[in-house]
Amino acid sequence: MNFSISTHGNAIVVHSHVAKLDSSNAPDLKGIFLLHNKNGVNQIVFEMAETLYCDSSGLSAILVANRLCKDTNGTFILCGLQSAVRKMVEIAQLDRVLSIESSVEDALSHMNS
6 MNFSISTHGN AIVVHSHVAK LDSSNAPDLK GIFLLHNKNG VNQIVFEMAE TLYCDSSGLS
66 AILVANRLCK DTNGTFILCG LQSAVRKMVE IAQLDRVLSI ESSVEDALSH MNS
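When we follow our numbering, the leftmost residue of the sequence shown carries the number 6, and every step to the right adds one.
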(Lines of atoms letter the chains of each structure in order from A; the text may use other names.)
(Lines give C-alpha, C1' and ligand atoms only; values in the text may rest on other atoms or scores of the structure.)
Protein backbone atom coordinates (compact mmCIF):
# COMPACT_ATOMS: atom_id res chain seq x y z
CA MET A 6 0.00 0.00 0.00
CA ASN A 7 1.50 3.31 -1.10
CA PHE A 8 -0.71 5.54 1.06
CA SER A 9 -2.88 5.04 4.12
CA ILE A 10 -5.43 7.30 5.74
CA SER A 11 -6.32 7.90 9.36
CA THR A 12 -9.16 10.06 10.64
CA HIS A 13 -8.74 12.58 13.43
CA GLY A 14 -12.02 14.37 14.15
CA ASN A 15 -12.95 16.27 11.00
CA ALA A 16 -9.42 15.95 9.59
CA ILE A 17 -7.69 13.15 7.76
CA VAL A 18 -4.01 12.30 7.75
CA VAL A 19 -2.70 10.79 4.54
CA HIS A 20 0.45 8.79 5.30
CA SER A 21 2.94 8.25 2.49
CA HIS A 22 4.61 4.83 2.43
CA VAL A 23 6.68 5.44 -0.70
CA ALA A 24 10.37 6.26 -0.80
CA LYS A 25 9.84 8.20 -4.04
CA LEU A 26 6.79 10.34 -4.70
CA ASP A 27 6.89 10.58 -8.48
CA SER A 28 4.88 10.04 -11.66
CA SER A 29 4.38 6.36 -10.81
CA ASN A 30 2.30 7.09 -7.69
CA ALA A 31 1.41 10.82 -7.70
CA PRO A 32 -1.81 10.23 -9.70
CA ASP A 33 -3.02 7.83 -6.97
CA LEU A 34 -2.24 10.43 -4.32
CA LYS A 35 -4.05 13.13 -6.26
CA GLY A 36 -7.04 10.78 -6.55
CA ILE A 37 -7.08 10.29 -2.77
CA PHE A 38 -7.11 14.05 -2.21
CA LEU A 39 -9.85 14.60 -4.81
CA LEU A 40 -12.06 11.80 -3.47
CA HIS A 41 -11.90 12.95 0.13
CA ASN A 42 -12.44 16.58 -0.81
CA LYS A 43 -15.47 15.59 -2.90
CA ASN A 44 -16.79 13.79 0.19
CA GLY A 45 -16.54 17.00 2.24
CA VAL A 46 -13.09 16.70 3.82
CA ASN A 47 -11.25 20.02 3.79
CA GLN A 48 -8.78 19.44 6.66
CA ILE A 49 -5.88 17.34 5.36
CA VAL A 50 -2.45 16.54 6.75
CA PHE A 51 0.01 14.85 4.40
CA GLU A 52 2.68 12.98 6.38
CA MET A 53 5.84 12.29 4.36
CA ALA A 54 8.29 10.84 6.90
CA GLU A 55 8.94 7.74 4.76
CA THR A 56 9.38 9.72 1.54
CA LEU A 57 12.98 10.47 0.60
CA TYR A 58 12.40 11.99 -2.85
CA CYS A 59 9.66 14.02 -4.50
CA ASP A 60 9.59 15.14 -8.13
CA SER A 61 7.43 17.73 -9.89
CA SER A 62 4.48 15.36 -10.28
CA GLY A 63 4.52 14.75 -6.52
CA LEU A 64 4.67 18.49 -5.86
CA SER A 65 1.76 18.92 -8.28
CA ALA A 66 -0.38 16.47 -6.28
CA ILE A 67 0.50 18.35 -3.09
CA LEU A 68 -0.48 21.67 -4.67
CA VAL A 69 -3.80 20.19 -5.82
CA ALA A 70 -4.57 19.17 -2.24
CA ASN A 71 -3.62 22.61 -0.96
CA ARG A 72 -5.89 24.29 -3.52
CA LEU A 73 -8.81 21.94 -2.81
CA CYS A 74 -8.61 22.67 0.90
CA LYS A 75 -8.18 26.44 0.46
CA ASP A 76 -11.09 26.61 -2.00
CA THR A 77 -13.39 25.07 0.63
CA ASN A 78 -12.10 27.21 3.54
CA GLY A 79 -10.05 24.31 4.87
CA THR A 80 -6.44 23.66 5.78
CA PHE A 81 -3.72 21.56 4.17
CA ILE A 82 -0.50 20.86 6.08
CA LEU A 83 2.62 18.93 5.09
CA CYS A 84 4.60 17.25 7.83
CA GLY A 85 7.51 14.92 8.44
CA LEU A 86 9.59 16.17 5.52
CA GLN A 87 12.95 14.52 5.02
CA SER A 88 15.80 16.92 4.21
CA ALA A 89 15.88 16.19 0.45
CA VAL A 90 12.11 16.68 0.15
CA ARG A 91 12.23 19.87 2.23
CA LYS A 92 15.02 21.17 -0.02
CA MET A 93 12.91 20.44 -3.13
CA VAL A 94 9.95 22.29 -1.58
CA GLU A 95 12.20 25.25 -0.75
CA ILE A 96 13.83 25.33 -4.21
CA ALA A 97 10.35 25.48 -5.75
CA GLN A 98 9.56 28.22 -3.18
CA LEU A 99 6.52 26.25 -2.07
CA ASP A 100 7.45 26.79 1.57
CA ARG A 101 5.96 30.27 1.02
CA VAL A 102 2.64 28.76 -0.09
CA LEU A 103 2.32 25.57 1.98
CA SER A 104 1.93 25.11 5.71
CA ILE A 105 4.66 22.79 7.00
CA GLU A 106 4.93 21.22 10.45
CA SER A 107 7.47 18.77 11.86
CA SER A 108 5.01 16.06 12.94
CA VAL A 109 1.42 14.86 12.59
CA GLU A 110 0.78 15.93 16.17
CA ASP A 111 2.04 19.46 15.47
CA ALA A 112 -0.02 19.64 12.28
CA LEU A 113 -3.23 18.54 14.01
CA SER A 114 -2.54 20.94 16.87
CA HIS A 115 -2.07 23.75 14.33
CA MET A 116 -5.42 22.87 12.73
CA ASN A 117 -7.20 22.92 16.07
CA SER A 118 -5.85 26.30 17.13
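Note that CB positions come from ideal geometry on N, CA and C, so glycine has one too. Small disclaimer: the values here were computed from a predicted structure and weren't measured.
{"query": "Beta-carbon contacts of Leu26 that lie in its chain and below 6 Å, excluding the five residues immediately before and after", "result": "Thr56, Cys59 and Gly63"}
{"query": "For Ala16, the first and last residue of its enclosing beta strand (DSSP E)", "result": "Ala16 to Ser21"}
{"query": "Buried versus exposed, by CB contacts within 10 Å (16 or more), Met93", "result": "buried"}
{"query": "Asn15 versus Asn44 - alpha carbon distance", "result": "12 Å"}
{"query": "First through last residue of the alpha helix (DSSP H) which encompasses Leu113", "result": "Val109 to Met116"}
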